[in-house]
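**Student:**
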Amino acid sequence: AAEGMPATAATDLEAAARCAQIICCATTATTPLVLGAWLAPGTHLDLVGGFKRNMREVDDLAVQRACVVVDTHAGALAEAGDLVQPLTSGLITREHVLAELAQLLRGQVRCRKSDADVTLFKSVGTALEDLAAARCVVGHGGD
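This note's numbering puts the sequence shown at residues 9 to 151.
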């Protein structure tokens with residue numbers, strides 16, 4: 009809240025998820041924390057934890073409901089449990105992962121076709137993301 013963004017602690021994850029427009033997860037959970045049944049139309053999921061095959065931040069239904077964009081196909085499809093597990097079980101195919109973030113940013117693909125579409129960004133981390141974060145920190149004098 010100090011940066012002008014309102015924030016409050018939630019004591020009921022399901023209730024908070026059901027009314028959230030954006031849900032960010034940065035965990036090392038091995039069982040899903042956020043369930044697809046909880047997602048309201050138009051919800052965006054930002055998943056930056058769960059960087060190993062055995063880790064899950066969301067369940068299969070959340071992935072199935074979403075238009076999925078990844079930092080890199082190579083990393084996310086090999087390492088991210090949120091994608092690897094439903095791929096392995098046959099619940100989704102590689103084509104369910106629409107694009108890499110760079111393609112989306114260049115306007116080569118469009119993920120959200122209506123306001124009701126659920127979107128999901130999955131990142132397992134890349135050197136370029138680390139460099140961009142470092143530049144932001146240096147640009148702010150380390151604040």
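Positions of the beta carbon are idealized from the N, C-alpha and C atoms, including for glycine.
#1: Flag this pair as yes or no: are the beta carbons of Arg64 and Leu85 separated by less than 8 Å?
#2: Roughly how many whole angstroms lie between the Cα atoms of Gly57 and Ser131?
#3: Quick test of your reading: Val77 and Cys119, contact by CB under 8 Å. State the CB separation rounded to the nearest angstrom.
#4: Could you tell me the alpha carbon to alpha carbon distance between Arg61 and Val146, rounded to whole angstroms?
#5: Glu6 to Ala107, Cα distance in whole Å?
#6: For Gly83, which option in Val105, Gly98, Gln29 and Asp67 has the closest C-alpha, if you only look at C-alpha atoms?
#7: Mind checking whether Thr35 and Cys75 have CB atoms under 8 Å apart?
#8: What residue range is occupied by the uninterrupted beta strand (DSSP E) comprising Thr127?
#9: For Ala18, name the three-state secondary structure that DSSP assigns.
#10: Under 8 Å between the Cβ atoms of Pro40 and Asp20?
#11: List the residues that DSSP assigns as beta-bridge partners of Val105.
#12: Please identify the residue among Gln72, Gly133 and Trp46 whose C-alpha is closest to the C-alpha of Gly98.
**Tutor:** Concretely, from the data shown:
#1: For this step, residue 64 is matched to residue 56 along the sequence shown. For this step, residue 85 is matched to residue 77 along the sequence shown. No, Cβ-Cβ distance for Arg64 and Leu85 is not below 8 Å.
#2: Numbered from its first residue, the sequence shown carries residue 57 at position 49. Numbered from its first residue, the sequence shown carries residue 131 at position 123. Going from the Cα of Gly57 to the Cα of Ser131 covers about 7 Å.
#3: Numbered from its first residue, the sequence shown carries residue 77 at position 69. Numbered from its first residue, the sequence shown carries residue 119 at position 111. Rounded, the Cβ-Cβ distance is 6 Å, consistent with contact.
#4: Position 53 of the sequence shown, counted from the first residue, corresponds to residue 61. Position 138 of the sequence shown, counted from the first residue, corresponds to residue 146. Looking at the two C-alpha atoms, the distance is approximately 33 Å.
#5: Residue 6 is absent from the structure shown; the chain starts at 9 and stops at 151.
#6: The count along the sequence shown starts at 1 and reaches residue 83 at position 75. The candidate whose alpha carbon is nearest that of Gly83 is Val105.
#7: Taking the sequence shown and counting its residues from 1, the one referred to as residue 35 is at position 27. Taking the sequence shown and counting its residues from 1, the one referred to as residue 75 is at position 67. No.
#8: Mapped onto the sequence shown, residue 127 falls at position 119. That run of the beta strand (DSSP E) goes Val126 to Lys130.
#9: By one-based count along the sequence shown, residue 18 stands at place 10. Coil.
#10: For the purposes of this step, residue 40 is identified with residue 32 of the sequence shown, where counting begins at 1. For the purposes of this step, residue 20 is identified with residue 12 of the sequence shown, where counting begins at 1. For Pro40 and Asp20, no; Cβs fall outside 8 Å.
#11: Residue mapping note: residue 105 aligns to position 97 of the sequence shown, counting from 1. Answer is Val76, bridged to Val105.
#12: Here residue 98 corresponds to residue number 90 of the sequence shown, with the count starting at 1. Closest by alpha carbon: Gln72.
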